[in-house]
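Enquirer: When the letters of the sequence shown are read in order and numbered with mature numbering (1 follows the signal peptide of the UniProt record, and there is no 0), they come out as residues -25 to -1, 1 to 178.
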Amino acid sequence: MAACRPRVVLLALVLCVALCAPAYAAGILCGTVRDAVTSNPIAGAGIFLRQTTGQYTGLNGATDATGHYCINGIPAGTYDLEVRLDDYQVAYRRGVVVNDVPVSVDVDARFMASTLSPAWPNPSRESVRFRMRIRDSGAIDLTILDVNGRLMTGWTGLAGVGEERVVTWDFRDTAGRRVPAGRYFVRLSAGDRSISRAFARIP
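1) Is it right to say Leu126 is buried, meaning 16 or more other beta carbons lie within 10 angstroms of its own, or is it exposed?
2) Using the three-state DSSP reduction, which class does Gly2 fall into: helix, strand or coil?
3) Which complete beta strand (DSSP E) runs does the stretch 34 to 100 hold, if anything under 3 residues is left out?
4) So, are the CB atoms of Thr32 and Gly19 less than 9 Å apart?
5) Which same chain residues, not among the five before or five after Gly42, have their C-beta less than 7 Å away from its C-beta?
6) If you compare alpha carbons, which of Ile3, Val141 and Gly132 is closest to Asn47?
7) State whether the stretch 57 to 70 contacts the stretch 133 to 144, with contact taken as three or more CB pairs (one from each stretch) at a distance under 8 Å.
8) What's the gap between the Cα of Asn123 and the Cα of Arg172?
9) Among the candidates Tyr159, Gly166 and Pro178, whose CA atom is the shortest distance from the CA of Ala94?
10) Verify whether the separation of the beta carbon atoms of Asp55 and Arg104 is less than 9 Å.
11) Answer yes if the stretch 114 to 123 comes into contact with the stretch 159 to 168, meaning at least three C-beta pairs across the two stretches below 8 Å, and no otherwise.
12) Can you give me the start and stop residues for the beta strand (DSSP E) that Leu120 sits inside?
13) In the DSSP assignment, the beta strand (DSSP E) including Glu139 goes from what residue to what residue?
14) If you drop the 5 nearest sequence neighbours on each side, which residues of the same chain put their C-beta closer than 8 Å to that of Phe174?
15) For Ile170, write down the residues that DSSP places opposite it in a beta bridge.
16) Give the straight-line distance between the Cα atoms of Gly132 and Arg108, rounded to the nearest whole angstrom.
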């Protein structure tokens, strides 16, 4: 009888841990992505789930031919939904709440009407040029980021609907220092909408 006591105690401990441990709630997020202007479904868009701080969660999905998407296994919480088209046009749906029941979130994606041509020359050693055509009203920002998302430099308030702009960057950061060789991103943005292009500096 005494030999059974350790087993009884162990079983009680296991039950206590199971009952006292916090429940892990995995949610499902589904919806349809449409163009905010035409209301047409957007096929082939990448859907990425980010923390409200901007950190990528590693959870993602893609829209099918009807614009529908689903992402499974999401811990309960509040997230930002990033919609990426053609790998460089980005729109967001902020403050999406996920819990342990399926959540339906449709997105009316409003992408930038402005255009940003690929950086040239690319790769480059001394300087690089960015050509853009402004088609969005309001303030437009152009920023340079490294692969970790750190700001290297930028230009703000690029207004002027219908204008074509060319900006040259000499690979110097906001402190006037030459940035090291590597991969960088140029981002043209208007609010939550943006266009990004990758380029590289060589030694």
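C-beta: ideal position from N, C-alpha, C; glycine also.
Expert: With the given structure in hand:
1) exposed
2) strand
3) 43 to 50, 52 to 60, 64 to 73 and 82 to 84
4) no
5) Thr7, Val8, Arg9, Pro16, Ile17 and Ala18
6) Ile3
7) The stretch 57 to 70 vs the stretch 133 to 144: no contact.
8) For the pair Asn123 and Arg172, the Cα-to-Cα distance works out to about 15 Å.
9) Comparing alpha-carbon positions, the option among Tyr159, Gly166 and Pro178 lying closest to Ala94 turns out to be Tyr159.
10) no
11) yes
12) Asp116 to Asp121
13) Glu139 to Trp144
14) Pro93, Ala94, Asn97, Pro98, Ser99, Val103, Arg158, Tyr159, Phe160 and Val161
15) Gln64 and Leu163
16) 14 Å
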